[in-house]
Each structure stands twice: as C-alpha cells, then as structure tokens.
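Reviewing the structure listed below.
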Amino acid sequence: MEVKKTIDASGLSCPLPIVKLSQGIKEIGIGEVIEIIATDQSFIPDVEAWCRKTGNTLLEIKNEEEKIRAFIKKEK
C-alpha cells in the first residue's frame with residue numbers, strides 16, 4: 001500500500017488526532033491512503049467511528065508498542 005501522506009499525532013490526546021486526520025485527508029485525492037500515528041489508546045475506537053461517519057475506509061490498524069498506526073483510504 002502506498003501512503004500519500006503521514007500525520008504524526010504522537011503525544012496528542014483525543015480528539016486532536018482525529019482533528020489532524022480530518023484536516024490532512026483534505027490534502028490527498030480520492031483513492032489515496034493517509035497514515036496517522038497516535039499514542040492515545042482511545043484513538044482506535046475514535047478512528048473507527050470517524051471512518052464509519054465520513055465514509056472513508058479504515059484499511060489497517062497497527063497497535064505497536066507505544067504507537068498506533070492507522071491507514072485510511074479516502075473514498076470521497
């Protein structure tokens with residue numbers, strides 16, 4: 001999977017990673033993938049809900065030691 005843009009929201013508490021994701025996804029084209037890195041564990045249910053609400057596709061979540069990496073495909 002080719003990532004078009006990466007956002008590092010490490011150290012930010014929710015909802016700030018979602019705010020940064022909402023801003024960043026506007027900068028990529030339909031069908032492209034954005035990666036967001038967060039450290040707040042509540043980011044996982046938040047990004048799942050955000051994708052359902054916005055119609056974008058959550059391709060993968062990698063919950064690594066101290067970082068969560070989510071890959072989202074822009075659908076519209």
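According to the UniProt record's numbering, the sequence shown is numbered sequentially starting from 1.
Just so it is clear, CB atoms sit at the ideal spot from N, CA and C, and this is done for glycine as well.
A quick note: this is a predicted structure, and the numbers were derived from the prediction, not measured.
| Check | Outcome |
| --- | --- |
| Cβ-Cβ separation, Ile-34 to Gly-24 (assumed contact under 8 Å), whole Å | 6 Å |
| Beta-carbon proximity check, Lys-74 vs Ile-44, cutoff 9 Å | no |
| Element boundaries [beta strand (DSSP E), containing Leu-12] | Where Leu-12 is concerned, there is no enclosing beta strand (DSSP E), given that its DSSP letter is neither H nor E. |
| Continuous beta strand (DSSP E) stretch holding Lys-62: start and end | 57-63 |
| Rounded C-alpha distance that separates Ala-70 from Lys-76 | 18 Å |
| Extent of the continuous beta strand (DSSP E) to which Glu-35 belongs | 33-38 |
| Between the CA atoms of Ser-10 and residue 78 - distance to the nearest angstrom | The question about residue 78 has no answer here: the residues shown for the chain are numbered 1 through 76. |
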